[in-house]
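Worksheet: one structure, shown below.
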Amino acid sequence: MSEENSISRIKKEFEELTSLEYREIASHLPGDRIPIGFFCPYVPEEMLHAAGAFPIRLMGAPIKMSHVQAHLPPNCCYLVKSSLESLLRGELDFLKGMIFSHTCDTMQGLSDIWAFQKRLTLQFNLMMPAYLNSEASRPYWKAEIERFREFLETNIGEVTPQNLTTAIQLFNRIRKNIREIYQLRRTLHEEITGADFANIIRAQYLMDRNQYQFLLSELLDLLSCQKKKEGRLVPIYLAGNMVHSAPYFALIEEAGATVVSDNLCSGARFLRLITREDIDPIEALTQRYFSSFLCPTKHGGSNDPIETLLREVEETGATGVVFLFYKYCESHYFDYPDLKRALEAKSIPTLLLEVDDPATSQGQLKIRIQAFIEMLSPI
Numbered sequence: 040m041s042e043e044n045s046i047s048r049i050k051k052e053f054e055e056l057t058s059l060e061y062r063e064i065a066s067h068l069p070g071d072r073i074p075i076g077f078f079c080p081y082v083p084e085e086m087l088h089a090a091g092a093f094p095i096r097l098m099g100a101p102i103k104m105s106h107v108q109a110h111l112p113p114n115c116c117y118l119v120k121s122s123l124e125s126l127l128r129g130e131l132d133f134l135k136g137m138i139f140s141h142t143c144d145t146m147q148g149l150s151d152i153w154a155f156q157k158r159l160t161l162q163f164n165l166m167m168p169a170y171l172n173s174e175a176s177r178p179y180w181k182a183e184i185e186r187f188r189e190f191l192e193t194n195i196g197e198v199t200p201q202n203l204t205t206a207i208q209l210f211n212r213i214r215k216n217i218r219e220i221y222q223l224r225r226t227l228h229e230e231i232t233g234a235d236f237a238n239i240i241r242a243q244y245l246m247d248r249n250q251y252q253f254l255l256s257e258l259l260d261l262l263s264c265q266k267k268k269e270g271r272l273v274p275i276y277l278a279g280n281m282v283h284s285a286p287y288f289a290l291i292e293e294a295g296a297t298v299v300s301d302n303l304c305s306g307a308r309f310l311r312l313i314t315r316e317d318i319d320p321i322e323a324l325t326q327r328y329f330s331s332f333l334c335p336t337k338h339g340g341s342n343d344p345i346e347t348l349l350r351e352v353e354e355t356g357a358t359g360v361v362f363l364f365y366k367y368c369e370s371h372y373f374d375y376p377d378l379k380r381a382l383e384a385k386s387i388p389t390l391l392l393e394v395d396d397p398a399t400s401q402g403q404l405k406i407r408i409q410a411f412i413e414m415l416s417p418i
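Every number in the numbering used here is 39 more than the matching position in the sequence shown, counting from 1.
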């Protein structure tokens with residue numbers, strides 16, 4: 040099989056998996072692991088994996104809202120509404136449990152509503168501190184991770200230091216491989232389009248991680264043999280929350296741009312969770328959440344998100360920044376004015392896009408993206 044066909048085969052495997060509805064995913068799960076859902080990267084997947092669970096990240100499946108209105112006000116983000124709708128319809132009955140983390144007000148409220156439904160056997164609330172600069176925050180968070188380990192050992196399986204270290208090594212390899220693909224995409228955007236890359240990112244949360252790592256390694260080997268191309272696409276940096284849906288990336292590329300990097304909750308922020316392998320694994324998992332900015336629900340210093348954004352935009356050579364937010368995401372909107380001002384002070388143009396259901400009409404988005412890219416395009 041040619042390299043081009045092999046790349047297409049791997050991309051198709053990722054695309055087919057990410058196109059499945061939740062109830063269809065159940066038939067693709069490894070039979071030797073217990074499926075446990077989660078939303079946020081503050082939940083250490085490595086610990087779930089080490090306990091014998093199969094971590095599945097819920098990222099908002101396209102679904103018609105017909106049950107959720109009785110439980111949530113309309114000003115909740117699509118991730119929360121679609122996930123609760125999926126639960127109420129029985130789409131998530133294949134899950135053994137759900138892990139929530141202390142993030143935004145809406146997600147904390149969802150945790151209570153979720154537990155009240157009593158559809159899943161297990162539920163755990165992982166309470167990460169919001170203020171990360173205090174003296175108490177680090178020991179508190181370590182104690183929370185220990186409490187999480189005890190919960191898993193009581194309900195799933197033993198989390199030995201060796202199993203946890205092995206899981207950390209696996210997830211580190213996955214993150215490093217994804218980082219390499221991020222870098223290769225800047226010159227190989229035809230081989231891996233934005234839509235392809237969105238599917239690659241989403242697939243990691245739905246696929247057996249060892250199989251996923253195998254496919255990533257194979258894809259990297261194939262891409263490294265491809266001839267790099269000097270394209271004329273406008274380099275864009277994408278910032279936002281959990282909106283890693285292929286249609287949004289496709290709209291940007293159809294307008295003549297390419298996403299050279301992102302600061303999405305479902306994307307490159309995951310790469311900041313590289314974990315030390317030379318110390319106690321519990322301590323390593325604790326430390327990683329204090330080493331870099333992850334999201335606006337946590338405070339690690341007023342300049343931290345600004346410095347991170349400016350540095351990454353400069354490093355990637357992006358000439359414009361698109362803020363892609365789910366509607367009603369208060370945490371990201373709180374940070375947005377400061378981030379926009381900091382970028383404008385550096386003469387970096389920005390565009391704010393508010394999105395809801397990725398399956399709905401995107402005509403207006405398309406027009407606004409096209410106008411923004413035309414403004415950035417060289418004459």
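We put the CB at the ideal spot given by N, CA and C, even for glycine.
Residues near threonine 145 in its chain [Cβ-Cβ closer than 6 Å; skip 5 each side]: Reading the sequence shown from its first residue, position 106 is the one you call residue 145. Only Cys115, Val119 meet the Cβ criterion.
To the nearest angstrom, how far is it from the Cα of arginine 48 to the Cα of glycine 295? Counted from its first residue, the sequence shown places residue 48 at position 9. Counted from its first residue, the sequence shown places residue 295 at position 256. When rounded, the separation of the alpha-carbon atoms in arginine 48 and glycine 295 is 26 Å.
For glutamate 174, which three-state DSSP category applies? Locating residue 174 in the sequence shown gives position 135, where the first residue counts as 1. In this structure, glutamate 174 counts as coil in the three-state DSSP scheme.
Taking just the CA atoms, how far does isoleucine 313 sit from isoleucine 275? By 1-based counting over the sequence shown, the position of residue 275 is 236. By 1-based counting over the sequence shown, the position of residue 313 is 274. If I take the Cα positions, the gap works out to 25 Å.
Residue range of the alpha helix (DSSP H) that asparagine 44 falls in? Counted from its first residue, the sequence shown places residue 44 at position 5. Annotation for asparagine 44: the continuous alpha helix (DSSP H) segment containing it runs 42-57.
Could you spell out where the beta strand (DSSP E) holding aspartate 301 opens and where it closes? What you label residue 301 is simply residue 262 of the sequence shown in a count that begins at 1. Counting along the chain, the beta strand (DSSP E) containing aspartate 301 begins and ends at 296-302.
Identify the residues that DSSP records as bridge partners of phenylalanine 163: which are they? Numbered from its first residue, the sequence shown carries residue 163 at position 124. Phenylalanine 163 is bridged to Ile138.
Unbroken alpha helix (DSSP H) run spanning glycine 76, endpoints: Locating residue 76 in the sequence shown gives position 37, counting from the first residue. Careful: glycine 76 lies outside any alpha helix (DSSP H), inside the beta strand (DSSP E) at 73-77.
Could you check which residue in Val198, Gln156, Pro286, Ser66 has the C-alpha nearest to that of glycine 402? Walking along the sequence shown from the start, residue 402 turns up at place 363. Ranking Val198, Gln156, Pro286, Ser66 by Cα distance to glycine 402 puts Pro286 first.
Buried or exposed: which applies to glycine 356, given that a residue is buried once 16 or more other Cβ atoms fall within 10 Å of its Cβ? For the purposes of this step, residue 356 is taken as the residue at position 317 of the sequence shown. Exposed, by the Cβ-count rule.
Tell me the DSSP bridge mates of isoleucine 431? Outside the shown range of the chain, which is 40 to 418, sits residue 431, and nothing can be said about it.
On the premise that alanine 323 lies in contact with leucine 191, defined as a C-beta separation below 8 Å, what is that separation, rounded to the nearest angstrom? Along the sequence shown, one-based indexing puts residue 191 at 152. Along the sequence shown, one-based indexing puts residue 323 at 284. Their Cβ separation, rounded to whole angstroms, is 17 Å, which puts leucine 191 and alanine 323 out of contact at 8 Å.
With burial defined as no fewer than 16 other Cβ atoms inside 10 Å of the residue's Cβ, what is the status of tyrosine 170: buried or exposed? Taking the first residue of the sequence shown as 1, we reach residue 170 at position 131. Per the 10 Å Cβ criterion, exposed.
With H, G and I counted as helix, E and B as strand and the rest as coil, what does DSSP make of proline 286? For the purposes of this step, residue 286 is taken as the residue at position 247 of the sequence shown. If DSSP states are grouped into helix, strand and coil, proline 286 belongs with the helices.
For glutamine 265, I'd like the list of residues in its chain whose CB is within less than 6 Å of its CB, leaving aside the five on either flank, ordered along the chain. The residue given as residue 265 occupies position 226 in the sequence shown. If we look at glutamine 265 and ignore the five residues flanking it on each side, its Cβ neighbours are Leu227, Glu230.
Threonine 232, enclosing alpha helix (DSSP H) - first and last residue: One-based indexing of the sequence shown puts residue 232 at position 193. Note, threonine 232: premise wrong, no alpha helix (DSSP H); not H, not E.
Figure out for me which residue from Leu159, Val352, Asp260, Trp153 has the closest Cα to the Cα of valine 299. The residue given as residue 299 occupies position 260 in the sequence shown. With distances taken between Cα atoms, valine 299 lies closest to Val352.
Given a threshold of 16 other Cβ atoms within 10 Å of its Cβ, counted over all protein chains shown, does glutamine 243 qualify as buried or as exposed? To locate residue 243, count along the sequence shown from 1; it is residue 204. With 16 or more other Cβ atoms within 10 Å, it is buried.
Candidates Gly279, Ile321, Ile318, Lys366: closest to leucine 378 by CA position: On the sequence shown, residue 378 is found 339 positions in, with the first residue counted as 1. Ranking the options by Cα distance to leucine 378, first place goes to Gly279.
Measuring straight from C-alpha to C-alpha, what distance separates arginine 214 and threonine 57? Residue numbering aside, residue 214 sits at position 175 when the sequence shown is read from its first letter. Residue numbering aside, residue 57 sits at position 18 when the sequence shown is read from its first letter. One C-alpha to the other measures close to 19 Å.
Classify isoleucine 95 as helix, strand or coil using the three-state DSSP reduction. Along the sequence shown, read from residue 1 onward, the residue named residue 95 stands at position 56. The answer is strand: DSSP assigns isoleucine 95 an E or B state.
Cβ-Cβ separation, isoleucine 240 to proline 320 (assumed contact under 8 Å), whole Å: By one-based count along the sequence shown, residue 320 stands at place 281. By one-based count along the sequence shown, residue 240 stands at place 201. Not a contact, Cβ separation roughly 25 Å.
Locate the beta strand (DSSP E) running through glycine 119, then write down its first and last residues. Stepping through the sequence shown from its first residue, residue 119 is reached at position 80. Contrary to the premise, residue 119 reads as valine rather than glycine in this sequence. It is not in any beta strand (DSSP E) - valine 119 instead sits in the alpha helix (DSSP H) that spans 117-127.
Buried or exposed for serine 386, going by 16 or more other Cβ atoms inside 10 Å? Residue numbering aside, residue 386 sits at position 347 when the sequence shown is read from its first letter. When all chains shown are included, serine 386 counts as exposed.
Closest by C-alpha distance to methionine 86, when choosing among Met281, Glu189, Ile152, Asp151: The sequence position of residue 86 within the sequence shown is 47, counting from 1. Selected option, being the one with the closest Cα: Glu189.
How about the region 69-80 and the region 93-101: do they share at least three Cβ pairs that are nearer than 8 Å? yes
List the whole-angstrom C-beta distance separating proline 80 from phenylalanine 309, where the pair is believed to meet the contact cut-off of C-beta under 8 Å. To locate residue 80, count along the sequence shown from 1; it is residue 41. To locate residue 309, count along the sequence shown from 1; it is residue 270. With 8 Å as the limit, proline 80 and phenylalanine 309 qualify as a contact, their Cβ atoms being about 6 Å apart.
Identify the residues that DSSP records as bridge partners of glutamate 85: which are they? Here residue 85 refers to the residue found at position 46 when the sequence shown is read from its first residue. Its beta-bridge partners do not exist; DSSP assigns none.
Please confirm whether phenylalanine 373 and leucine 391 have their CB atoms less than 9 Å apart. Here residue 373 corresponds to residue number 334 of the sequence shown, with the count starting at 1. Here residue 391 corresponds to residue number 352 of the sequence shown, with the count starting at 1. Not in contact: phenylalanine 373 and leucine 391 (Cβ atoms no closer than 9 Å).
One question on the structure: do valine 82 and leucine 165 come within less than 9 Å of each other, judged by their Cβ atoms? The residue you call residue 82 lines up with position 43 of the sequence shown. The residue you call residue 165 lines up with position 126 of the sequence shown. For valine 82 and leucine 165, yes; Cβs fall inside 9 Å.
Among Pro69, Val361, Lys51, the one whose alpha carbon lies nearest that of isoleucine 291: Counting from one through the sequence shown, the residue named residue 291 turns up at place 252. Looking at the Cα atoms, Val361 is the closest of the given residues.
Straight-line Cα distance separating leucine 161 from isoleucine 406: Working through the sequence shown from its first residue, we reach residue 406 at position 367. Working through the sequence shown from its first residue, we reach residue 161 at position 122. Going from the Cα of isoleucine 406 to the Cα of leucine 161 covers about 45 Å.
Given a cut-off of 9 Å on the beta-carbon distance, is the pair leucine 126 and leucine 111 in contact? As a first step, residue 126 is located in the sequence shown; it is residue number 87 there, counting from the start. As a first step, residue 111 is located in the sequence shown; it is residue number 72 there, counting from the start. Against a cut-off of 9 Å, the Cβ pair of leucine 111 and leucine 126 comes out as no contact.
Tell me the DSSP bridge mates of glutamate 393? Numbered from 1 along the sequence shown, position 354 holds the residue referred to as residue 393. Partner(s): Phe364.
Check histidine 67 in the structure and name its three-state DSSP category. The sequence position of residue 67 within the sequence shown is 28, counting from 1. If DSSP states are grouped into helix, strand and coil, histidine 67 belongs with the helices.
Quick one: residues in its chain with C-beta nearer than 8 Å to the C-beta of serine 416, no 5 flanking neighbours on either side, listed in chain order? As a working note, residue 416 is residue 377 in the sequence shown. Counting only Cβ-Cβ distances below 8 Å, and skipping sequence neighbours, we find Val273, Gly295.
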